[in-house]
Amino acid sequence: MGGMPERANTNVNTAELVDNRERDLLRRVQAGEKEHFYELVKPYERRVYTAALAVLRNEAEAEDAAQEAILKALTHIRQFRAEARFSTWLIQIAVNEALMRRRKAHSEILEPIGERQEEDGNYTPRDFADWREIPSEVLERKEIRQKLAGAVAALAEKYREVFVLRDVQHLSIEETAEALGISRASVKTRLLRARLMLRDLLAPGFGGAWFGRLPFEKGNKPW
Amino acid sequence: MVVNCEHVWREISNYLDKQVDPETRVAMEAHFKECKHCTAVLDGTRNVVQLYGDDRLFELPAGFSQRLQRRLAQQTSSSRYGSARTFWMLTAAAAAALLVGGLTLGNSPVFRQPELRSEHAQPPHHIPPALMVALSTDGKVFHVPGCKYLHKRDGESPQLMTAADALKEGYVPCPRCLRQYLSVRVECPRIHPDSEVARKRGEAPSIAPGL
Numbered sequence: 001m002g003g004m005p006e007r008a009n010t011n012v013n014t015a016e017l018v019d020n021r022e023r024d025l026l027r028r029v030q031a032g033e034k035e036h037f038y039e040l041v042k043p044y045e046r047r048v049y050t051a052a053l054a055v056l057r058n059e060a061e062a063e064d065a066a067q068e069a070i071l072k073a074l075t076h077i078r079q080f081r082a083e084a085r086f087s088t089w090l091i092q093i094a095v096n097e098a099l100m101r102r103r104k105a106h107s108e109i110l111e112p113i114g115e116r117q118e119e120d121g122n123y124t125p126r127d128f129a130d131w132r133e134i135p136s137e138v139l140e141r142k143e144i145r146q147k148l149a150g151a152v153a154a155l156a157e158k159y160r161e162v163f164v165l166r167d168v169q170h171l172s173i174e175e176t177a178e179a180l181g182i183s184r185a186s187v188k189t190r191l192l193r194a195r196l197m198l199r200d201l202l203a204p205g206f207g208g209a210w211f212g213r214l215p216f217e218k219g220n221k222p223w
Numbered sequence: 001m002v003v004n005c006e007h008v009w010r011e012i013s014n015y016l017d018k019q020v021d022p023e024t025r026v027a028m029e030a031h032f033k034e035c036k037h038c039t040a041v042l043d044g045t046r047n048v049v050q051l052y053g054d055d056r057l058f059e060l061p062a063g064f065s066q067r068l069q070r071r072l073a074q075q076t077s078s079s080r081y082g083s084a085r086t087f088w089m090l091t092a093a094a095a096a097a098l099l100v101g102g103l104t105l106g107n108s109p110v111f112r113q114p115e116l117r118s119e120h121a122q123p124p125h126h127i128p129p130a131l132m133v134a135l136s137t138d139g140k141v142f143h144v145p146g147c148k149y150l151h152k153r154d155g156e157s158p159q160l161m162t163a164a165d166a167l168k169e170g171y172v173p174c175p176r177c178l179r180q181y182l183s184v185r186v187e188c189p190r191i192h193p194d195s196e197v198a199r200k201r202g203e204a205p206s207i208a209p210g211l
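These protein sequence lines map, in sequence, to chains L and F. Residue numbering for the first sequence follows the numbering used here, beginning at 1 and increasing consecutively. Residue numbering for the second sequence follows the numbering used here, beginning at 1 and increasing consecutively.
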């Protein structure tokens, strides 16, 4: 009975420790101890990279943009103010860097899904396949991760950006709106579209097509 | 409140984010109990949010961290080198500014000292052109005839000419006997006070008696 509150307290204490460590590192780096900067950004490397990937859809480009964003963060570290979260600030720099590179490149070979969709129109889900709860273990499989990454990469950029910042990076609606320079209403509308489009893309696969060799196929589904 | 499928699809994202008002939430939940299509959409959308929110989904490319650390190290060292270089550049610029400023200030009229020139090099003023002067045989100086500072060879009379001709030939006035014609005042107590009156009259000043 008392296990849960105890665990919750432990989590809070761990979060506090992490926050305190981050604050301490920030103070030191801002004071000129730049050799500690990597310790500061290490927990957010993946998120920065994913944010850049969401915009650029090319791994090499995304890596370069993500690293450039981190270098820029180091250069401008004194401009960071504690009222924002450091991770959000870092991700915003990465999004800006990636957007800037994309504007320069103008490279859209295939028309992405949803590009021609009117933002204020209603979206009708196409597929009503039954896609009930799935075990998170499926993410251990590399091909499933590739399918998921491919699906999000296929979205039109305006939906992809909002979806990645909100559902992958866990930014709030306000933070997403600020990072992309759009309204909160646009964030909500684009997020709805992105989620429903991804569901349409993934439901047939998760509904059975991708799991022909899974051990829980043929009546052995664990759910 | 009753909601239809289209209303549910429009609000399904807000429903998952707990951003719908309580009345709409109750209405949507009632709808899900009766509509298997909308329930399938809800389950699928919830799965999308859960799957993509998992940290394992997007992996960093192999070697990303090492490459990042290398670039950070390069930037840190180059900024240090840049700081040192900036320091020396600023120091050099400050030294140059001091030098130029010092030279400018030193050359300004406020601090300029009178040039150290020979008394003999002073240009004469208002010397009567017709004034007969005696030329020194030792140096290019002309004197009032009889000046004790007139150098002449023993037994020879000094060469005489007008002051105008002497000046043309490059002679300069004696700073003692012709001091009143020099721009720089030369102390010469041996000049008789009456010489000023004589100068005004265009005559050669007289040498003080006894000199």
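Using N, Cα and C, we set each Cβ at its ideal position, and we do this for glycine too.
| task | Kindly indicate the opening and closing residues of the beta strand (DSSP E) around residue 162 of chain F. | result | To locate residue 162 of chain F, count along the second sequence from 1; it is residue 162. Unbroken beta strand (DSSP E) run through residue 162 of chain F: 159-162.
| said: Let me see if you follow: with CB-CB separation under 9 Å, is residue 158 of chain L close to chain F or not? | reply: Counting from one through the first sequence, the residue named residue 158 of chain L turns up at place 158. No, because no Cβ of chain F sits closer than 9 Å to the Cβ of residue 158 of chain L.
| Contacts of residue 149 of chain L in chain F (Cβ-Cβ under 9 Å) | Locating residue 149 of chain L in the first sequence gives position 149, counting from the first residue. Result: 57 and 58.
| field | For residue 190 of chain F, the three-state DSSP class (helix, strand or coil) | value | Walking along the second sequence from the start, residue 190 of chain F turns up at place 190. Residue placement at residue 190 of chain F cannot be trusted, given a pLDDT of 48 that sits under 50; the coordinates are not used to answer.
| request: For residue 76 of chain L, name the three-state secondary structure that DSSP assigns. | output: Within the first sequence, the letter at position 76 stands for residue 76 of chain L. Coil.
| request: Would you kindly check if the distance between the Cβ of residue 125 of chain L and the Cβ of residue 41 of chain F is under 9 Å? | output: As a working mapping, residue 41 of chain F is identified with position 41 in the second sequence. As a working mapping, residue 125 of chain L is identified with position 125 in the first sequence. Yes, they are a contact pair.
| task | Taking the CB atoms as reference points, tell me whether residue 164 of chain F and residue 134 of chain F lie closer together than 9 Å. | result | For this step, residue 164 of chain F is matched to residue 164 along the second sequence. For this step, residue 134 of chain F is matched to residue 134 along the second sequence. Result no, Cβ atoms of residue 164 of chain F and residue 134 of chain F do not sit closer than 9 Å.
| task | Tell me, to the nearest whole angstrom, how far the beta carbon of residue 145 of chain F is from that of residue 128 of chain F; I am working on the premise that it is less than 8 Å. | result | To locate residue 145 of chain F, count along the second sequence from 1; it is residue 145. To locate residue 128 of chain F, count along the second sequence from 1; it is residue 128. Not quite, the Cβ-Cβ distance comes to about 14 Å (not below 8 Å), so this is no contact.
| request: Consult DSSP for residue 222 of chain L and reduce its assignment to one of helix, strand or coil. | output: For the purposes of this step, residue 222 of chain L is taken as residue 222 along the first sequence, with counting starting at 1. Bear in mind that a pLDDT of 36 at residue 222 of chain L, under 50, signals an unreliable position, so the model cannot answer this.
| message | Check whether the stretch 25-32 of chain F and the stretch 184-192 of chain L are in contact - that is, three or more C-beta pairs closer than 8 Å. | response | no
| task | Tell me residue 132 of chain F's beta-bridge partners as DSSP assigns them. | result | Working through the second sequence from its first residue, we reach residue 132 of chain F at position 132. DSSP, once it has assigned bridges, lists F/162 as partnering residue 132 of chain F.
| task | Look up residue 144 of chain F in the DSSP assignment and say whether it is helix, strand or coil. | result | As a working note, residue 144 of chain F is residue 144 in the second sequence. In the structure shown, residue 144 of chain F sits in coil (DSSP, three-state: anything other than H, G, I, E or B).
| said: Are the CB atoms of residue 55 of chain L and residue 90 of chain L within a distance shorter than 9 Å? | reply: Against the first sequence, residue 90 of chain L aligns to sequence position 90. Against the first sequence, residue 55 of chain L aligns to sequence position 55. Not closer than 9 Å, so no.
| field | Where residue 43 of chain L meets chain F, residues with beta-carbon distance less than 9 Å | value | Residue numbering aside, residue 43 of chain L sits at position 43 when the first sequence is read from its first letter. Neighbours of residue 43 of chain L on chain F: none; closest Cβ ~11 Å, over 9 Å.
| task | Would you check if the distance between the CB atom of residue 170 of chain F and the CB atom of residue 148 of chain F is smaller than 9 Å? | result | The residue given as residue 170 of chain F occupies position 170 in the second sequence. The residue given as residue 148 of chain F occupies position 148 in the second sequence. Contact flag unset, no.
| query | From residue 45 of chain L to residue 11 of chain F, what does the alpha carbon distance come to, in whole angstroms? | reply | Counting from 1 along the first sequence, the entry for residue 45 of chain L is found at position 45. Counting from 1 along the second sequence, the entry for residue 11 of chain F is found at position 11. The straight-line gap from Cα to Cα measures roughly 33 Å.
| Which residues in chain F sit within 7 Å of residue 50 of chain L, going by Cβ to Cβ distance? | Here the question's residue 50 of chain L lines up with position 50 in the first sequence. Neighbours of residue 50 of chain L on chain F, chain order: 58.
| message | On the CB-based measure, 16 or more other CB atoms within 10 Å of its CB, does residue 166 of chain L come out buried or exposed? | response | Sequence index remark: in the first sequence, residue 166 of chain L carries index 166 (1-based). By the neighbour-count rule (16 or more Cβ atoms within 10 Å), residue 166 of chain L is buried.
| query | Residues in its own chain within less than 7 Å of residue 23 of chain F by CB, not counting five upstream and five downstream? | reply | Locating residue 23 of chain F in the second sequence gives position 23, counting from the first residue. For residue 23 of chain F, where only same-chain residues beyond five positions count, the Cβ hits under 7 Å are 1.
| query | Per DSSP, residue 165 of chain L is paired with what? | reply | Numbered from 1 along the first sequence, position 165 holds the residue referred to as residue 165 of chain L. DSSP output for residue 165 of chain L lists no bridge partner at all.
| task | Would you mind giving the Cβ-Cβ distance between residue 202 of chain L and residue 153 of chain L, rounded to the nearest angstrom? I have them listed as a contact below 8 Å. | result | As a working mapping, residue 202 of chain L is identified with position 202 in the first sequence. As a working mapping, residue 153 of chain L is identified with position 153 in the first sequence. Their Cβ separation, rounded to whole angstroms, is 13 Å, which puts residue 202 of chain L and residue 153 of chain L out of contact at 8 Å.
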